[in-house]
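This report refers to the structure that appears directly beneath it.
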Amino acid sequence: MPIFRTTRIIESQIEEFLDAINEGALVFRDAVASYLEGRDEDFSAKLAIVEDLETRADRLSRDVEASLYSQSLIPEHRGDVLALLEHSDDIIDRAKTCLQRFDVERPRIPAVWHDAYRRLAETVFRCVEAVIMAARRFFRDPAAASDFLYQVHHYEGEADQLGLDLRRGIFADPGLDLAQRQHLRYFAEGIDRVADMAEGVADRLAIYSIKRRM
Amino acid sequence: MGPELLFFLSSGLFLGWSLGANDAANLFGTAVGSRMVRFRTAAVVCSLGVILGAVVGGAGAAHTLGRLGAVNTLPGAFTVALAAALATLAMTRCGLPISTSQAIVGAIIGWNIYAGMVTGSRALSQIVASWVVCPLLAGAAAVGLYLLLRAGLRRSRIHLLRQDALLRAGLLLVGAFGAYSLGANNIANVMGVFLPDNPFRDVTVLGVTLSAAQLLFLLGGLAIAAGIMTYSDRVIRTVGDRLLQLSPEAALVVVLAQSLVLYVFASEGLEAWLAARGLPTFPLVPVSSSQAVVGAIIGLGLMRGGRGIRLRPLGGIGLGWVATPLAAGIIAFFLLFFVDNVFDQRVARSSLFRFDAEVLAEADRAGIAGETLSSWQGREGKNAMRLQQALERDAGLTRAEAQRLLELAEVVPVHIDLDRAGLHLDEEWLGPDAMRALHALAGRRFEHRWQLHEALAKASPLWRERQDTPLNRGWNRDVRDKLAFIERVFLAGSGP
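Sequence lines, in order, name chains A and B.
Just so we're aligned: the first sequence equals residues 114 to 327 in the working numbering.
Just so we're aligned: the second sequence equals residues 1331 to 1826 in the working numbering.
Written out as structure tokens, the structure reads:
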């Protein structure tokens, strides 16, 4: 039946979209590590990958939206699914913007803070990974989505704490002038904001899951 | 088929059209309303299902209407169907959900009163009981099915989109099943009153034989399909959220529950299957799809704690259930008066009831023994209702006894003239043994229906009704059909 063929195509598009977001977060983490280690070529290559993934996620999101509307699919949950895709797309968009700022502004980060930045990027990646897992569960088993939503909130809280500690440390560092302190704070906030975006998606997912279970 | 006949059938076709326009909404209203199924797809599937159901499974429920009262002239049948259609239209205009079944039952009772005929109390009580049982059964079925579906969906962990596709396919399949059940169950409402004056003959096309009744039902099915195609669009879009906002899952369950209920009240096959296993059977009566839908939706609403059920339309529906048969009966009565006296059309063939010695002896054998029944010997009368009242009042009979005695006393002159009837006898349907029994009665005349039945039953066990058990119901229905056919073919003083 044509309806099942269309459904299979959209299902795989959604899966591909979620893969792109997840992979984007992973490459984002590695790109921050490359920058900190001064491997410029590697950083540029990873930035290009994130840009490419962001473009692909945009295209997939638009295709899914067009298919859902033109085929009048999932009328009850169409709005929720499209909002989920749109806000998930914001995560990779934010990650790309953050890396582009690294590329343009080239902040000088003292080696003493490298580990803190690395740990922040790692926690942000874990947070995005958990929200993508929750999104996948939302489509098949909405009750199980909440298990991953707890993880999202946990990692987001941890990212907030790491970001706060990092900013506190930077401003307490006597070796840095005010301009540099502000510049480094700006990048700590930029990385942390990716986790905030993931938490926003998790909050929506919690409501959508309840709606699906009713 | 002459133009006069077509004109008389037109009211039945009009009733069919209005049934299609309204009842299709019960099947696909929620699916189309929630944009799960396109209107055109729904209309095509629904039309095909209705036609198939009418032709293949239409016989079951038609018998019960026949027992309620046999409208015995074409102008009478025309008027009864027209009254039902007008009542249906009036109720729809008032915004009340209609029930074609109730309208036609009300109109037949109107005819019975006008023609002085007795309303079959057993058939009437069966039909009225089904109006209560049908929504209750649909509600219970909907709750059970919904819980099952929800548990199944949760356990299966199917992707939301796959679930959506399955629900769409399910809505179409169940809608088709519902349309089949609607055709099988409700065709009796549309064409049942024309059965005694069926203008068609059996035809064989490409090796498939369609009986006269099936051809009549096919015509009715086409009228219902026309109603679906031309007018149900508007109604379909308003059904669904009238009582309760429904999700696609709930919509599927409502249609499935409704289809199941319509099916159990229409299927001769299911009745035989249940009876063979010693299980209780359902009476085969035309029930209302609107009532089934309302019952199913209310059932789901109550399962959710009763919140969200809109009480105002519910009151309207309750009012409609009382008003529809009443309005149809009153309209039928006045229309019959009008057609009878203004257009000078014979709306009822009056029966003669003669209480001769043989009838009273047979009544005695049947255990009907009134106080002063012997004084009735030699009496005649034409108004069955007045006679029934008199038998109850003067002879102290119960209503059932009086009705049975009237059945015995009805004069149905039959002359077994095989030369005259030869061409019209469906020997294949009757079977060689039954035909042999009929030949044994050649040349004999019978005054009363029971005398013919008795003579045939003596000649062959194939003409004998069996004890009234669920298992024997199919057999008895078949025997009654054949007896009615023989009566029509050999009726003295009229052509076959």
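Beta carbons: idealized from backbone N, C-alpha and C, even for Gly.
Think of a sphere of 7 Å around the beta carbon of A/Leu186: the chain B residues whose beta carbon falls inside it are Leu1491, Asp1494, in chain order. Under DSSP, B/Gly1711 forms a beta bridge with B/Phe1683. The C-beta of A/Asp202 has 16 or more other C-beta atoms within 10 Å across all chains shown, which makes the residue buried. Taken in chain order, the region 1456-1508 of chain B contains no complete beta strand (DSSP E) segment of 3 residues or longer.
In this structure, B/Phe1530 lies near B/Ala1542, with their beta-carbon atoms less than 7 Å apart.
Against chain A, a Cβ distance below 9 Å from B/Arg1676 picks out nothing, because the smallest value is about 55 Å.
Per DSSP, the continuous alpha helix (DSSP H) segment holding A/Leu291 begins and ends at 291-326. Separation of B/Gly1500 and B/Ile1488 (C-alpha to C-alpha, rounded to the nearest whole angstrom) is 15 Å.
Restricting attention to B/Ala1384, B/Ala1420, B/Pro1578, B/Ala1581, the CA atom closest to the CA of B/Ser1511 is found in B/Ala1384. Of the other Cβ atoms in all chains shown, 16 or more fall within 10 Å of the Cβ of B/Asp1353; this residue is therefore buried.
With distances taken between CA atoms, A/Arg118 lies nearest to B/Leu1491 out of B/Ala1415, B/Gln1456, B/Leu1491.
Rounded to whole angstroms, B/Gln1719 and B/Arg1729 show a C-alpha spacing of 8 Å. In this structure, the straight-line span from the alpha carbon of B/Gln1733 to that of B/Ser1681 is close to 14 Å. Here the alpha carbon of B/Gly1551 sits roughly 16 Å from the alpha carbon of B/Ala1596. Across the region 1348-1380 of chain B, CB contacts with chain A closer than 9 Å involve Ser1364, Arg1365, Met1366, Arg1368, in sequence order along the chain. A/Ala272 and A/His266 have their C-alpha atoms roughly 10 Å apart. A Cβ-Cβ distance of about 11 Å is found for the pair B/Ala1355 and B/Gly1505, leaving them out of contact under the 8 Å criterion.
Bounds of the alpha helix (DSSP H) holding A/Thr210 are 191-218.
A/Asp132 is outside the set of residues whose beta carbon lies under 7 Å from a beta carbon in chain B. At least 7 Å separates the CB of A/Asp273 from every CB of chain B.
Rounded to whole angstroms, the gap between the alpha carbons of A/Val237 and A/Ala196 is 22 Å.
Around the beta carbon of A/Leu160, 16 or more other beta carbons lie within 10 angstroms, which makes this residue buried. Under the Cβ distance rule, A/Arg253 counts among the residues neighbouring chain B, one pair being separated by less than 7 Å. Taken in chain order, the complete alpha helix (DSSP H) segments of 4 or more residues contained in the region 1547-1630 of chain B are 1578-1594, 1598-1606.
Per DSSP, B/Leu1540 lies in no alpha helix (DSSP H) segment; the continuous beta strand (DSSP E) that holds it begins and ends at 1538-1540. Exposed is the label assigned to B/Gln1707, since fewer than 16 other Cβ atoms lie within 10 Å of its Cβ.
Between B/Phe1685 and B/Arg1709, the gap from beta carbon to beta carbon is short of 7 Å. A/Ala229 sits close to A/Leu279, with the two beta carbons spaced by under 7 Å. B/Arg1485 has a beta carbon lying at 7 Å or more from every beta carbon in chain A.
Under the DSSP assignment, A/Glu242 falls in the alpha helix (DSSP H) whose first and last residues are 227-253. At a C-beta separation below 8 Å, A/Ile323 has no neighbours in chain B, since its nearest C-beta there lies roughly 14 Å away. Straight-line spacing of the CA atoms in A/Phe215 and B/Val1584 works out to 58 Å.
The alpha-carbon of B/Asp1694 is positioned some 10 Å away from that of B/Ala1687. Residues of chain B with a Cβ closer than 7 Å to the Cβ of A/Ile245 do not exist; the shortest Cβ-Cβ separation is about 16 Å. DSSP places B/Val1809 within a helical segment (H, G or I) once states are collapsed to three. Contact of A/Ile123 with chain B by beta-carbon distance below 9 Å involves Leu1491.
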